[in-house]
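For reference, the structure discussed in these notes is given below.
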Amino acid sequence: MLKVLCFDLDGTLLPMDTESFIGHYMKELAPYMAKILPEDKLIPLIWDATKTMIDDQDDSRTNEEVFTERFLSRSGLKKEEIWPRFDKFYRDHFPTLKKYVQPSPKSRQVVQTALDCGYRVAVATNPVFPKEAIRERMRWAQVEDLVEWVSVYEETHFCKPHPGYYREVAAAMGVSPEQCAMIGNDVQEDLVAGTIGMKTYLVTDCRIDRGEPAHQPDQEGTLEELLADIQKRKGIFAF
245 MLKVLCFDLD
255 GTLLPMDTES
265 FIGHYMKELA
275 PYMAKILPED
285 KLIPLIWDAT
295 KTMIDDQDDS
305 RTNEEVFTER
315 FLSRSGLKKE
325 EIWPRFDKFY
335 RDHFPTLKKY
345 VQPSPKSRQV
355 VQTALDCGYR
365 VAVATNPVFP
375 KEAIRERMRW
385 AQVEDLVEWV
395 SVYEETHFCK
405 PHPGYYREVA
415 AAMGVSPEQC
425 AMIGNDVQED
435 LVAGTIGMKT
445 YLVTDCRIDR
455 GEPAHQPDQE
465 GTLEELLADI
475 QKRKGIFAF
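Sequential numbering from 245 applies to the sequence shown in our numbering.
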(Lines of atoms letter the chains of each structure in order from A; the text may use other names.)
(Lines give C-alpha, C1' and ligand atoms only; values in the text may rest on other atoms or scores of the structure.)
Protein backbone atom coordinates (compact mmCIF):
# COMPACT_ATOMS: atom_id res chain seq x y z
CA MET A 245 0.00 0.00 0.00
CA LEU A 246 1.30 3.42 -0.93
CA LYS A 247 2.16 5.65 2.00
CA VAL A 248 4.45 8.30 0.46
CA LEU A 249 4.17 10.30 -2.76
CA CYS A 250 7.54 11.60 -3.94
CA PHE A 251 7.25 14.55 -6.31
CA ASP A 252 9.94 15.84 -8.61
CA LEU A 253 10.12 19.64 -8.62
CA ASP A 254 11.50 21.14 -11.85
CA GLY A 255 9.15 20.37 -14.72
CA THR A 256 6.71 18.55 -12.45
CA LEU A 257 5.43 20.63 -9.52
CA LEU A 258 7.18 23.63 -11.06
CA PRO A 259 6.44 23.72 -14.81
CA MET A 260 9.47 24.95 -16.73
CA ASP A 261 11.79 24.34 -19.62
CA THR A 262 14.63 22.99 -17.47
CA GLU A 263 17.39 23.45 -20.04
CA SER A 264 16.36 27.05 -20.66
CA PHE A 265 16.14 27.77 -16.92
CA ILE A 266 19.63 26.42 -16.29
CA GLY A 267 20.93 28.63 -19.09
CA HIS A 268 19.39 31.72 -17.48
CA TYR A 269 20.66 30.63 -14.07
CA MET A 270 24.26 30.33 -15.31
CA LYS A 271 24.05 33.64 -17.18
CA GLU A 272 22.84 35.50 -14.09
CA LEU A 273 25.27 33.79 -11.73
CA ALA A 274 28.32 34.72 -13.81
CA PRO A 275 28.35 38.49 -13.01
CA TYR A 276 28.24 37.70 -9.27
CA MET A 277 31.44 35.70 -9.58
CA ALA A 278 33.25 37.74 -12.25
CA LYS A 279 35.73 39.41 -9.89
CA ILE A 280 36.88 35.98 -8.71
CA LEU A 281 36.34 33.78 -11.78
CA PRO A 282 35.49 34.95 -15.31
CA GLU A 283 32.47 33.30 -16.93
CA ASP A 284 34.56 31.23 -19.34
CA LYS A 285 36.24 29.53 -16.37
CA LEU A 286 33.35 29.53 -13.90
CA ILE A 287 30.76 27.71 -16.01
CA PRO A 288 33.00 24.76 -17.03
CA LEU A 289 34.09 24.39 -13.38
CA ILE A 290 30.46 24.25 -12.22
CA TRP A 291 29.55 21.66 -14.84
CA ASP A 292 32.62 19.58 -14.04
CA ALA A 293 31.90 19.59 -10.29
CA THR A 294 28.22 18.84 -10.92
CA LYS A 295 29.07 15.84 -13.12
CA THR A 296 31.50 14.58 -10.47
CA MET A 297 28.76 14.91 -7.86
CA ILE A 298 26.18 13.08 -9.99
CA ASP A 299 28.59 10.25 -10.80
CA ASP A 300 29.84 9.80 -7.23
CA GLN A 301 28.39 6.88 -5.28
CA ASP A 302 30.32 7.20 -2.01
CA ASP A 303 27.60 7.15 0.65
CA SER A 304 29.98 8.55 3.27
CA ARG A 305 30.11 11.99 1.63
CA THR A 306 27.25 14.38 0.97
CA ASN A 307 26.65 15.79 -2.48
CA GLU A 308 27.74 19.18 -1.13
CA GLU A 309 31.08 17.76 0.05
CA VAL A 310 31.76 16.12 -3.33
CA PHE A 311 30.84 19.26 -5.29
CA THR A 312 32.84 21.58 -3.04
CA GLU A 313 35.96 19.42 -3.03
CA ARG A 314 35.97 19.05 -6.81
CA PHE A 315 35.21 22.70 -7.52
CA LEU A 316 37.90 24.02 -5.17
CA SER A 317 40.53 21.52 -6.30
CA ARG A 318 40.00 22.40 -9.96
CA SER A 319 39.73 26.16 -9.43
CA GLY A 320 42.68 26.47 -7.07
CA LEU A 321 40.60 28.69 -4.79
CA LYS A 322 39.91 28.43 -1.08
CA LYS A 323 36.32 28.12 0.06
CA GLU A 324 36.38 31.41 1.95
CA GLU A 325 37.47 33.18 -1.24
CA ILE A 326 34.43 32.23 -3.31
CA TRP A 327 31.64 30.59 -1.32
CA PRO A 328 30.37 33.85 0.24
CA ARG A 329 29.66 35.05 -3.32
CA PHE A 330 27.67 31.89 -4.09
CA ASP A 331 25.73 32.37 -0.85
CA LYS A 332 24.99 36.01 -1.67
CA PHE A 333 23.73 35.06 -5.12
CA TYR A 334 21.30 32.46 -3.74
CA ARG A 335 20.14 34.79 -0.99
CA ASP A 336 19.78 38.04 -2.92
CA HIS A 337 19.39 37.27 -6.63
CA PHE A 338 18.16 33.71 -7.15
CA PRO A 339 14.55 34.66 -6.16
CA THR A 340 14.38 36.91 -9.25
CA LEU A 341 14.79 33.88 -11.51
CA LYS A 342 11.13 33.09 -10.91
CA LYS A 343 10.41 35.01 -14.11
CA TYR A 344 11.85 32.09 -16.09
CA VAL A 345 9.36 29.48 -14.84
CA GLN A 346 5.60 28.99 -15.24
CA PRO A 347 4.12 28.13 -11.82
CA SER A 348 0.72 26.44 -11.82
CA PRO A 349 -1.88 26.68 -9.05
CA LYS A 350 -2.59 23.01 -9.75
CA SER A 351 0.70 22.08 -8.09
CA ARG A 352 -0.51 23.13 -4.67
CA GLN A 353 -3.87 21.48 -5.34
CA VAL A 354 -2.12 18.20 -6.20
CA VAL A 355 -0.02 18.18 -3.03
CA GLN A 356 -2.90 19.26 -0.81
CA THR A 357 -5.12 16.57 -2.32
CA ALA A 358 -2.44 13.97 -1.67
CA LEU A 359 -2.32 15.04 1.98
CA ASP A 360 -6.11 15.03 2.21
CA CYS A 361 -6.07 11.45 0.92
CA GLY A 362 -3.74 10.43 3.73
CA TYR A 363 -0.45 10.32 1.86
CA ARG A 364 2.79 11.71 3.20
CA VAL A 365 4.61 13.95 0.74
CA ALA A 366 8.27 14.36 -0.13
CA VAL A 367 9.85 16.54 -2.79
CA ALA A 368 12.36 14.28 -4.55
CA THR A 369 14.17 16.85 -6.65
CA ASN A 370 17.64 16.06 -7.93
CA PRO A 371 19.80 17.35 -5.03
CA VAL A 372 22.36 19.23 -7.10
CA PHE A 373 21.42 22.63 -5.63
CA PRO A 374 21.85 24.11 -2.15
CA LYS A 375 18.90 24.06 0.21
CA GLU A 376 18.26 27.79 -0.27
CA ALA A 377 17.79 27.40 -4.04
CA ILE A 378 15.55 24.36 -3.68
CA ARG A 379 13.39 25.92 -0.97
CA GLU A 380 13.02 29.03 -3.12
CA ARG A 381 11.76 26.99 -6.07
CA MET A 382 9.32 25.21 -3.75
CA ARG A 383 8.00 28.65 -2.80
CA TRP A 384 7.52 29.44 -6.48
CA ALA A 385 5.50 26.23 -6.79
CA GLN A 386 3.53 27.20 -3.64
CA VAL A 387 4.18 23.88 -1.92
CA GLU A 388 6.96 24.68 0.56
CA ASP A 389 4.68 24.64 3.61
CA LEU A 390 3.01 21.35 2.67
CA VAL A 391 6.01 19.07 2.25
CA GLU A 392 7.41 16.81 4.96
CA TRP A 393 10.87 16.29 3.49
CA VAL A 394 12.93 17.50 0.52
CA SER A 395 16.21 16.25 -0.89
CA VAL A 396 18.93 18.93 -0.82
CA TYR A 397 22.60 18.62 -1.63
CA GLU A 398 23.73 19.40 1.93
CA GLU A 399 21.98 16.31 3.31
CA THR A 400 21.94 13.62 0.60
CA HIS A 401 24.62 11.33 -0.76
CA PHE A 402 23.36 10.36 -4.23
CA CYS A 403 21.83 12.05 -7.26
CA LYS A 404 19.39 11.01 -9.95
CA PRO A 405 19.44 8.75 -11.92
CA HIS A 406 21.22 6.43 -9.46
CA PRO A 407 18.88 3.96 -7.71
CA GLY A 408 20.75 4.74 -4.49
CA TYR A 409 19.12 8.17 -4.53
CA TYR A 410 15.66 6.62 -4.37
CA ARG A 411 16.69 4.23 -1.62
CA GLU A 412 17.86 7.26 0.34
CA VAL A 413 14.53 9.03 -0.22
CA ALA A 414 12.57 6.05 1.08
CA ALA A 415 14.90 5.68 4.06
CA ALA A 416 14.54 9.37 4.91
CA MET A 417 10.76 8.90 4.99
CA GLY A 418 11.06 5.71 7.05
CA VAL A 419 9.29 3.48 4.53
CA SER A 420 10.22 0.80 2.01
CA PRO A 421 10.54 1.71 -1.69
CA GLU A 422 7.42 -0.42 -2.34
CA GLN A 423 5.44 2.01 -0.17
CA CYS A 424 6.43 4.99 -2.35
CA ALA A 425 5.37 6.38 -5.70
CA MET A 426 7.75 8.59 -7.67
CA ILE A 427 5.98 11.27 -9.68
CA GLY A 428 8.07 13.15 -12.22
CA ASN A 429 8.50 14.38 -15.77
CA ASP A 430 11.87 12.82 -16.67
CA VAL A 431 11.76 9.33 -18.17
CA GLN A 432 15.38 8.52 -17.34
CA GLU A 433 15.89 10.36 -14.06
CA ASP A 434 12.49 9.79 -12.39
CA LEU A 435 11.19 6.50 -13.75
CA VAL A 436 14.39 4.67 -12.73
CA ALA A 437 12.73 4.63 -9.29
CA GLY A 438 10.70 1.69 -10.60
CA THR A 439 13.83 -0.48 -10.66
CA ILE A 440 13.92 -0.53 -6.84
CA GLY A 441 10.22 -1.21 -6.38
CA MET A 442 8.64 2.24 -6.36
CA LYS A 443 5.51 2.87 -8.40
CA THR A 444 6.05 5.55 -11.04
CA TYR A 445 3.87 8.24 -12.59
CA LEU A 446 5.08 10.27 -15.58
CA VAL A 447 3.80 13.87 -15.66
CA THR A 448 3.68 14.75 -19.34
CA ASP A 449 3.32 18.57 -19.41
CA CYS A 450 7.11 19.16 -19.48
CA ARG A 451 8.16 15.64 -20.40
CA ILE A 452 11.88 14.90 -20.82
CA ASP A 453 12.92 11.72 -22.62
CA ARG A 454 16.45 11.10 -23.88
CA GLY A 455 15.46 7.73 -25.37
CA GLU A 456 17.64 5.40 -23.30
CA PRO A 457 17.14 3.74 -20.95
CA ALA A 458 13.49 3.46 -21.95
CA HIS A 459 11.81 3.10 -18.55
CA GLN A 460 8.04 2.63 -18.66
CA PRO A 461 5.81 4.39 -16.11
CA ASP A 462 3.09 2.58 -14.23
CA GLN A 463 0.81 5.49 -15.09
CA GLU A 464 1.04 8.86 -16.84
CA GLY A 465 -0.90 12.05 -17.40
CA THR A 466 -0.81 15.83 -17.25
CA LEU A 467 -0.65 17.65 -13.93
CA GLU A 468 -4.42 18.13 -14.19
CA GLU A 469 -4.92 14.40 -14.85
CA LEU A 470 -2.62 13.57 -11.94
CA LEU A 471 -4.84 15.65 -9.67
CA ALA A 472 -7.93 13.77 -10.86
CA ASP A 473 -6.20 10.39 -10.54
CA ILE A 474 -5.28 11.07 -6.91
CA GLN A 475 -8.75 12.41 -6.12
CA LYS A 476 -10.45 9.39 -7.71
CA ARG A 477 -7.92 6.87 -6.35
CA LYS A 478 -7.28 5.71 -9.88
CA GLY A 479 -4.52 3.33 -10.96
CA ILE A 480 -1.54 3.26 -8.60
CA PHE A 481 -3.50 5.39 -6.14
CA ALA A 482 -6.24 2.78 -5.69
CA PHE A 483 -6.50 1.10 -2.31
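Built from N, CA and C at the ideal position, the CB exists for glycine as well. Bear in mind the structure is a predicted one, so any value in this text is a computation, not a measurement.
Query: Burial state of C361, where buried means 16 or more other Cβ atoms lie within 10 Å; Result: exposed
Query: Separation of A458 from D254, as counted between CA atoms; Result: 20 Å
Query: Range of the contiguous beta strand (DSSP E) that encloses Y334; Result: Looking at the DSSP string, Y334 is not in any beta strand (DSSP E), and its letter there is neither H nor E.
Query: Simplified DSSP state of R305, which is helix, strand or coil; Result: coil
Query: Closest Cα partner of I280 within the set T294, F251, D300, G320; Result: G320
Query: Supposed contact pair L471 and V354 - C-beta distance, whole angstroms, cut 8 Å; Result: 5 Å
Query: Cβ shell of M426 (< 6 Å), same chain only, five flanking positions each side left out; Result: C250, D434, A437, M442, T444
Query: Span separating the alpha-carbon of K343 from that of P349; Result: 16 Å
Query: Sequence-distant residues of its chain with Cβ nearer than 7 Å to C403 (five each side left out); Result: M297, I298, N307, N370, P371, V372, Y409
Query: Helix, strand or coil at E283 according to DSSP, with G and I counted as helix; Result: helix
Query: Rounded Cβ spacing between E376 and R318 (contact assumed at less than 8 Å); Result: Not really, about 23 Å apart at Cβ, beyond 8 Å.
Query: Check whether A368 and V413 have beta carbons under 8 Å apart; Result: yes
Query: Backbone secondary structure at E456 - three-state DSSP; Result: coil
Query: Check whether M245 and Q475 have beta carbons under 8 Å apart; Result: no
Query: Entirely enclosed alpha helix (DSSP H) segments - the stretch 358-439, minimum 4 residues; Result: 375-384, 407-417
Query: Cβ pair A274, E283 closer than 8 Å; Result: yes
Query: D292, DSSP secondary structure in three states; Result: helix
Query: Identity of the residue in M260, E263, D300 nearest T400 by Cα; Result: D300
Query: Local Cβ density within 10 Å of D303, reported as buried at 16 or more and exposed below that; Result: exposed
Query: R364 and M417 closer than 8 Å at C-beta; Result: yes
Query: Where the beta strand (DSSP E) through K271 begins and ends; Result: Looking at the DSSP string, K271 is not in any beta strand (DSSP E); the run it does join, the alpha helix (DSSP H), is 262-277.
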